[in-house]
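Visitor: Residue numbers (this note's numbering): 3 to 252. Backbone N, C-alpha and C define an ideal beta-carbon position, used for all residues, glycine too. If you're wondering where the values come from, they're calculated on a predicted model, not measured in any experiment. Mind looking over this structure? Questions follow.
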């Protein structure tokens, strides 16, 4: 198999965790008849409930459905296998840290109003809010990246947050915002309501590289988080003023 650039794609190797093995084992022990039917016809895409469970198929199917709704994986977010994502526990730590930081810095924040010419943010002749002036992204997104919103729909301009999921094939990321915003969601239960958003990576500005010494240089126009910036001579969009809100994913 060849990738989009013509090179060979490395084979993907899967290994189930011990927790996954225990989960399947418990399922098999609870409903052995179901697994026997699948074993007899392993390549079938559909199985006849009546042939599998007999006259009590309707009752048994409801029992199976109720069981699956109660297992530990029932409420986990569904994501593509090509997606990199933080664990729910790690997302909780990120969200709490952002909340604590916001509480501490709220009293220290000085609000400033900057007048930014429209041509510094949007392309000439643009008709949509996402048609922003180009930002040269130095590299693809990485879990834990700190970002500020440029033009993601439903997210306040300049809102800051942390990348918790990276959808490599679509160019999108899920972001947990530092503060609640009306367009936010729970990202399938990954974070608190009004804190998450799925955004296109091209609509965000990475600011974490400027926050940490020793990391790669930040994209053109980026400045250290917390510092208000003015438009550059190349008309690149820049980080928002202090006190801005955030965005999350996904």
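Could you compute how far the alpha carbon of residue 38 sits from the alpha carbon of residue 72?
Guide: Within the chain shown, numbered from 1, the residue matching residue 38 stands at position 36. Within the chain shown, numbered from 1, the residue matching residue 72 stands at position 70. Roughly 23 Å separates the two Cα atoms.
Visitor: Quick check: what's the CA-CA separation for residue 151 versus residue 207?
Guide: Residue numbering aside, residue 151 sits at position 149 when the chain shown is read from its first letter. Residue numbering aside, residue 207 sits at position 205 when the chain shown is read from its first letter. Cα-Cα distance, rounded: 6 Å.
Visitor: What is the residue span of the alpha helix (DSSP H) that residue 70 lies within?
Guide: Locating residue 70 in the chain shown gives position 68, where the first residue counts as 1. Unbroken alpha helix (DSSP H) run through residue 70: 59-72.
Visitor: Could you spell out where the beta strand (DSSP E) holding residue 199 opens and where it closes?
Guide: Residue numbering aside, residue 199 sits at position 197 when the chain shown is read from its first letter. 198-202 is the span of the beta strand (DSSP E), which, as asked, contains residue 199.
Visitor: How do the segment 172-191 and the segment 109-121 stand: do at least 3 beta-carbon pairs fall below 8 Å, yes or no?
Guide: no
Visitor: Considering only C-alpha positions, which residue in the set 155, 157, 170, 153 is nearest to residue 144?
Guide: Your numbering for residue 144 matches position 142 in the chain shown. Of the listed residues, the one whose Cα sits closest to residue 144 is 170.
Visitor: With three or more beta-carbon pairs closer than 8 Å as the criterion, would you say the segment 196-206 touches the segment 148-164?
Guide: yes
Visitor: Is DSSP giving residue 265 helix, strand or coil here?
Guide: Beyond the ends of the chain as shown, which are 3 and 252, falls residue 265; an answer cannot be given.
Visitor: Are the beta-carbon atoms belonging to residue 116 and residue 75 less than 8 Å from one another?
Guide: Locating residue 116 in the chain shown gives position 114, counting from the first residue. Locating residue 75 in the chain shown gives position 73, counting from the first residue. Contact flag unset, no.
Visitor: Is the beta carbon of residue 1 sitting closer than 8 Å to the one on residue 184?
Guide: What is shown of the chain runs 3 to 252, which leaves residue 1 out entirely.
Visitor: With distances taken Cα to Cα, identify the nearest neighbour of residue 168 among 158, 113, 82, 43.
Guide: Position 166 of the chain shown, counting from 1, holds the residue named residue 168. Closest by alpha carbon: 82.
Visitor: When we look at the beta-carbon of residue 53 and count the other beta-carbons within 10 Å, is it buried (16 or more) or exposed?
Guide: As a first step, residue 53 is located in the chain shown; it is residue number 51 there, counting from the start. Burial state of residue 53 is exposed, judged by a 10 Å Cβ sphere holding fewer than 16 other Cβ atoms.
Visitor: Please determine, among 205, 50, 188, the residue with the shortest C-alpha to C-alpha distance to residue 153.
Guide: Position 151 of the chain shown holds residue 153. Nearest option by C-alpha distance: 205.
Visitor: Verify the CB distance criterion: does residue 91 have a CB-CB separation below 8 Å to chain D?
Guide: No chain D appears in this structure, which consists of one protein chain only.
Visitor: Looking at C-alpha atoms only, which residue of 191, 195, 203 is the closest neighbour of residue 263?
Guide: Beyond the ends of the chain as shown, which are 3 and 252, falls residue 263; an answer cannot be given.
Visitor: Roughly how many whole angstroms lie between the Cα atoms of residue 1 and residue 100?
Guide: Since the first residue shown for the chain is 3 and the last is 252, residue 1 is missing from the structure and cannot be characterised.
Visitor: Hey, quick one: how far does the beta strand (DSSP E) through residue 102 stretch, first residue to last?
Guide: The residue given as residue 102 occupies position 100 in the chain shown. Residue 102 -> not in any beta strand (DSSP E); alpha helix (DSSP H) instead, spanning 90-108.
Visitor: In whole angstroms, what separates the C-alpha of residue 105 from that of residue 113?
Guide: Taking the chain shown and counting its residues from 1, one reaches residue 105 at position 103. Taking the chain shown and counting its residues from 1, one reaches residue 113 at position 111. Distance between the alpha carbons of residue 105 and residue 113 is about 15 Å.
Visitor: Consult DSSP for residue 187 and reduce its assignment to one of helix, strand or coil.
Guide: In the chain shown, the residue the question calls residue 187 occupies position 185. Secondary structure at residue 187: strand, using DSSP grouped into helix, strand and coil.
Visitor: Provide the residue span of the beta strand (DSSP E) that contains residue 148, from first to last.
Guide: Within the chain shown, residue 148 is the residue found at index 146, counting from 1. Its beta strand (DSSP E) spans residues 148-151.
Visitor: Using the Cβ count rule (16 or more neighbours within 10 Å means buried), how would you classify residue 147?
Guide: Counting from 1 along the chain shown, the entry for residue 147 is found at position 145. By the 10 Å Cβ count, residue 147 comes out buried.
Visitor: Reducing DSSP to helix, strand and coil, say where residue 18 ends up.
Guide: Residue mapping note: residue 18 aligns to position 16 of the chain shown, counting from 1. Coil, per DSSP.
Visitor: Give the DSSP-derived three-state secondary structure of residue 163 in the structure shown.
Guide: Numbered from 1 along the chain shown, position 161 holds the residue referred to as residue 163. If DSSP states are grouped into helix, strand and coil, residue 163 belongs with the strands.
Visitor: Does residue 157 pass the burial test, meaning 16 or more other C-beta atoms within 10 Å, or should it be called exposed?
Guide: Sequence index remark: in the chain shown, residue 157 carries index 155 (1-based). Flag for residue 157 reads buried.
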